[in-house]
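Colleague: Residue numbers (our numbering): 99 to 718. Every residue gets a Cβ at the ideal spot worked out from N, C-alpha and C, and that includes glycine.
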Amino acid sequence: MLHLNNIYKTFEHQEILKGISLHIGPGEKVGLIGNNGTGKSTLMKIISGLINPDRGDIIIAPHTEIAYLPQERQCNTGNSLYGEMLSLFREVFELEQTMRDLEVKMENETDIDEILRKYSEAQSKLDSLEVSTIEAKIGKVLYGLGFKHEDLTKVTSCFSGGWQARIELAKILLKNPDMLLLDEPTNHLDLEAIEWLEEFLVNYNGSFIIVSHDRYLLDKLTERTVELERGKIYLYPGNYSFYTIEKEHRRELLEEKYEDQQKYLEKSQRFIERFRYKATKARQVKSREKMIEKIDRTSLPETDERKIKFSFLFEKQSGREVITAKNLAKSYDGRAIIKNIEFLIERGDKIAITGKNGSGKSTLIKIIAGIIPSDRGKYETGYNVIPAYFAQHQAENLNTGNTVMEELRDTASLSITDQALRTILGCFLFRNEDVFKKIGDLSGGEKSRVALAKIIVKPSNLLLMDEPTNHLDISSMEVLENALEEYDGTLLFISHDRYFIDRLATRIFEIENEELRIYDGNYSYYIDKKKKEIKEKSSGIEIKSHRKKKEKKIKDTCETDPVKAIEEEIEKKEKRIKEIELSMGEEGFYQDPSQKHLIEEYTNIKKDLSYLYERWEELV
Numbered sequence: 099m100l101h102l103n104n105i106y107k108t109f110e111h112q113e114i115l116k117g118i119s120l121h122i123g124p125g126e127k128v129g130l131i132g133n134n135g136t137g138k139s140t141l142m143k144i145i146s147g148l149i150n151p152d153r154g155d156i157i158i159a160p161h162t163e164i165a166y167l168p169q170e171r172q173c174n175t176g177n178s179l180y181g182e183m184l185s186l187f188r189e190v191f192e193l194e195q196t197m198r199d200l201e202v203k204m205e206n207e208t209d210i211d212e213i214l215r216k217y218s219e220a221q222s223k224l225d226s227l228e229v230s231t232i233e234a235k236i237g238k239v240l241y242g243l244g245f246k247h248e249d250l251t252k253v254t255s256c257f258s259g260g261w262q263a264r265i266e267l268a269k270i271l272l273k274n275p276d277m278l279l280l281d282e283p284t285n286h287l288d289l290e291a292i293e294w295l296e297e298f299l300v301n302y303n304g305s306f307i308i309v310s311h312d313r314y315l316l317d318k319l320t321e322r323t324v325e326l327e328r329g330k331i332y333l334y335p336g337n338y339s340f341y342t343i344e345k346e347h348r349r350e351l352l353e354e355k356y357e358d359q360q361k362y363l364e365k366s367q368r369f370i371e372r373f374r375y376k377a378t379k380a381r382q383v384k385s386r387e388k389m390i391e392k393i394d395r396t397s398l399p400e401t402d403e404r405k406i407k408f409s410f411l412f413e414k415q416s417g418r419e420v421i422t423a424k425n426l427a428k429s430y431d432g433r434a435i436i437k438n439i440e441f442l443i444e445r446g447d448k449i450a451i452t453g454k455n456g457s458g459k460s461t462l463i464k465i466i467a468g469i470i471p472s473d474r475g476k477y478e479t480g481y482n483v484i485p486a487y488f489a490q491h492q493a494e495n496l497n498t499g500n501t502v503m504e505e506l507r508d509t510a511s512l513s514i515t516d517q518a519l520r521t522i523l524g525c526f527l528f529r530n531e532d533v534f535k536k537i538g539d540l541s542g543g544e545k546s547r548v549a550l551a552k553i554i555v556k557p558s559n560l561l562l563m564d565e566p567t568n569h570l571d572i573s574s575m576e577v578l579e580n581a582l583e584e585y586d587g588t589l590l591f592i593s594h595d596r597y598f599i600d601r602l603a604t605r606i607f608e609i610e611n612e613e614l615r616i617y618d619g620n621y622s623y624y625i626d627k628k629k630k631e632i633k634e635k636s637s638g639i640e641i642k643s644h645r646k647k648k649e650k651k652i653k654d655t656c657e658t659d660p661v662k663a664i665e666e667e668i669e670k671k672e673k674r675i676k677e678i679e680l681s682m683g684e685e686g687f688y689q690d691p692s693q694k695h696l697i698e699e700y701t702n703i704k705k706d707l708s709y710l711y712e713r714w715e716e717l718v
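1. Can you tell me where the alpha helix (DSSP H) holding K448 begins and where it ends?
2. By how many angstroms is the C-alpha of T396 removed from the C-alpha of L352?
3. Per DSSP, what kind of secondary structure is N580 in: helix, strand or coil?
4. Using 10 angstroms around the beta-carbon of F109, count the other beta-carbons present and answer buried if the total reaches 16, otherwise exposed.
5. Can you list, in chain order, the residues of its chain whose CB lies under 8 angstroms from that of F534, leaving out five sequence neighbours each side?
6. Nearest to N104 by alpha carbon, out of P151, I592, E667 and G147?
7. With DSSP collapsed to three states, give me the class of M183.
8. Helix, strand or coil for D312 per DSSP?
9. Just to confirm the assignment: which complete alpha helix (DSSP H) runs, minimum length 4, are found wholly within the segment 161-224?
10. Per DSSP, what kind of secondary structure is V483 in: helix, strand or coil?
11. With C-beta atoms as the reference, is S146 less than 7 angstroms away from D281?
12. Based on DSSP bridge pairs, tell me the residues matched to F109.
13. Tell me whether E698 sits in a helix, a strand or coil according to DSSP, three-state version.
14. For D199 and R215, what's the separation of their Cα atoms in angstroms?
15. Within the same chain, show all residues whose beta-carbon is closer than 6 angstroms to that of I292, passing over the 5 residues directly before and after it, in chain order.
16. Using the Cα positions of I703 and V239, report the straight-line distance between them to the nearest angstrom.
17. Start and end of the alpha helix (DSSP H) containing R547?
18. Label R372 either buried or exposed according to how many other C-beta atoms from any shown protein chain fall within 10 Å of its C-beta, with 16 as the threshold for buried.
19. Hey, out of E126, R313 and K424, whose CA is closest to I599's CA?
20. Would you say D473 and K545 are within 7 angstroms of each other, going by their C-beta atoms?
21. Could you check the C-alpha separation between R264 and L278 for me, to the nearest Å?
22. State the start and end residues of the unbroken beta strand (DSSP E) segment that holds T323.
23. Please return the same chain residues whose Cβ sits closer than 7 angstroms to the Cβ of K273, not counting the five positions on each side in sequence.
24. Taking only three categories from DSSP, how would you classify F488?
25. Can you tell me whether DSSP reads F369 as helix, strand or coil?
26. With burial defined as no fewer than 16 other Cβ atoms inside 10 Å of the residue's Cβ, what is the status of K365: buried or exposed?
27. Thinking C-beta only, is L602 closer than 7 angstroms to A486?
28. Can you give the Cα-Cα distance for I393 and L289, rounded to whole angstroms?
29. Could you tell me the distance, in whole angstroms, from the CA atom of E677 to the CA atom of I625?
30. Who are the Cβ neighbours of L527 in its own chain at under 7 angstroms, not counting the five residues just before and after it?
31. With 16 other CB atoms within 10 Å as the buried threshold, where does S558 fall?
32. Please report the distance separating the alpha-carbon of N425 from that of K437.
33. May I have the straight-line CA-CA distance separating S622 from K628, to the nearest angstrom?
34. Go ahead and pull the three-state DSSP assignment for T254.
35. Quick one: residues in its chain with C-beta nearer than 6 angstroms to the C-beta of I157, no 5 flanking neighbours on either side, listed in chain order?
36. For the putative contact between V577 and A510, defined by C-beta atoms under 8 angstroms, what is the C-beta separation to the nearest angstrom?
Shown next, in the form of structure tokens:
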């Protein structure tokens with residue numbers, strides 16, 4: 099399907115790609131990883147044809163359609179959201195127009211054999227495009243990515259940058275090409291949308307290459323991992339977890355090979371020095387020298403300075419009760435964001451706040467940080483609590499006239515040396531002369547990383563962090579995770595990175611429908627608990643009285659043959675899904691507000707089916 103042969107690319111006298119060769123076959127799912135700046139996006143643009151390599155060959159199989167989703171994306175066409183989606187199916191409308199034209203010709207001409215042939219071809223093409231399901235497909239993708247019914251008529255320019263990025267993602271998915279090139283597709287998605295995208299890509303029949311910092315996503319989706327490092331490519335036949343284990347194993351083997359080679363070279367050099375001037379050993383000495391010259395020298399991988407450990411500055415211990423909240427509520431423009439929020443945060447808790455975009459996560463953490471007041475209720479800070487707050491837009495508060503180093507020094511205590519500060523900055527991609535760049539000259543992502551580094555050097559015993567992993571590559575995230583894991587204080591954070599949440603969180607605060615639910619466990623526990631809640635709900639807790647008898651029959655069957663019972667339930671729900679999809683395919687469905695209940699039912703059934711499929715697999 100796709101073959102790259104010896105690809106080279108240089109930017110501003112720096113060689114980014116050095117002889118890249120790669121083959122992607124039909125249906126292959128590939129994760130492309132590497133630190134920021136290693137050339138991942140450059141390689142994707144070369145494959146998509148947006149830029150040309152300096153040299154090398156790109157071979158794409160005939161009739162292969164490739165669609166590229168860049169990392170930075172906007173959609174501002176002047177169309178409505180629904181109209182923008184329909185524009186992807188221009189071929190359908192052209193075929194329909196062709197058929198209408200041919201129908202007119204049939205009425206006016208006597209020799210219609212050729213007209214019928216063309217009409218049959220057009221009809222065949224139209225059938226292959228599954229026209230009747232276009233509206234259902236559009237609805238499935240848009241609602242899966244978090245758009246609401248009322249969004250369909252909005253002009254694309256009315257959406258924020260994050261939602262415009264989702265529009266571009268929706269368009270790429272609806273194109274259904276032979277190969278997808280996805281550069282950070284989960285940017286701007288909340289957890290629910292990320293999980294929907296995962297499910298979509300699991301069932302995608304084509305090939306894809308995906309660049310992502312979401313290790314959870316990479317583990318679930320990919321079967322091959324391609325790493326870019328210092329311009330070279332390294333292939334691993336497995337997902338991200340396989341890659342991490344295999345890479346460490348390869349490093350160990352390389353170190354052993356390097357040590358053995360050094361011992362051999364040292365031994366050979368001693369022999370040469372000892373017998374260099376001895377006539378009887380001259381031939382052997384010459385032979386050894388030639389052997390040494392021919393040896394392909396093994397080099398150790400360079401140490402990534404971001405792997406160096408650092409610790410958050412921990413201030414003296416707080417009291418056992420860190421934050422107590424009762425009946426907290428907050429509204430904006432008359433719309434309730436959170437209400438009746440109550441919780442107790444204790445010393446040592448590491449809490450992740452989850453929920454959809456706009457559910458009030460940032461609002462809650464700002465109230466706790468004292469940035470904004472609540473409308474009612476109260477929260478109390480415990481004894482000796484010293485907070486440090488990192489906001490999504492913390493970069494806006496940096497001094498643009500400072501250098502990176504000066505900005506960090508202004509926050510850090512005098513006990514921290516400049517060398518220690520440079521080590522921390524190295525962990526966040528500021529190396530060598532980068533530390534002397536002016537804040538005003540940095541990109542948005544670079545400023546965000548400086549703001550995060552400032553939190554690290556600020557003494558605290560309560561960390562409040564809103565999306566701290568934004569703008570970090572995987573190596574930097576792992577450094578941050580290690581530091582937070584060893585942090586002796588209390589941590590409250592918001593993140594869409596499930597791997598990050600799973601590793602750090604001891605409790606989950608979920609905000610849904612303005613209210614708070616607390617789960618005492620990590621992300622894996624939280625997901626398992628949510629699935630059980632869905633199972634309980636679908637099993638009959640909220641079933642109407644006239645359905646209880648039928649549910650009892652299923653339950654009785656389940657006790658004797660659980661597999662059969664689940665299969666019957668799956669069949670029933672799949673049948674209902676098809677019924678709803680037929681309704682979705684009807685003209686004007688998405689413009690009819692009365693159909694909103696069907697969309698909600700469709701979403702809930704899909705969630706139920708996801709659990710039932712997993713349960714069926716476990717039993718079988």
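Modeller: From the atom records:
1. Where K448 is concerned, there is no enclosing alpha helix (DSSP H), although the beta strand (DSSP E) it sits in stretches over K448 to T452.
2. 8 angstroms
3. helix
4. exposed
5. T501, V502 and M503
6. P151
7. helix
8. coil
9. 179-184 and 188-206
10. coil
11. no
12. Q112
13. helix
14. 14 angstroms
15. T284
16. 15 angstroms
17. G542 to I554
18. exposed
19. R313
20. no
21. 16 angstroms
22. R322 to E327
23. A165 and L186
24. strand
25. helix
26. exposed
27. no
28. 52 angstroms
29. 29 angstroms
30. N134, R547 and S574
31. buried
32. 7 angstroms
33. 10 angstroms
34. helix
35. H101
36. No, V577 and A510 are not in contact; Cβ-Cβ is about 18 angstroms, not under 8 angstroms.
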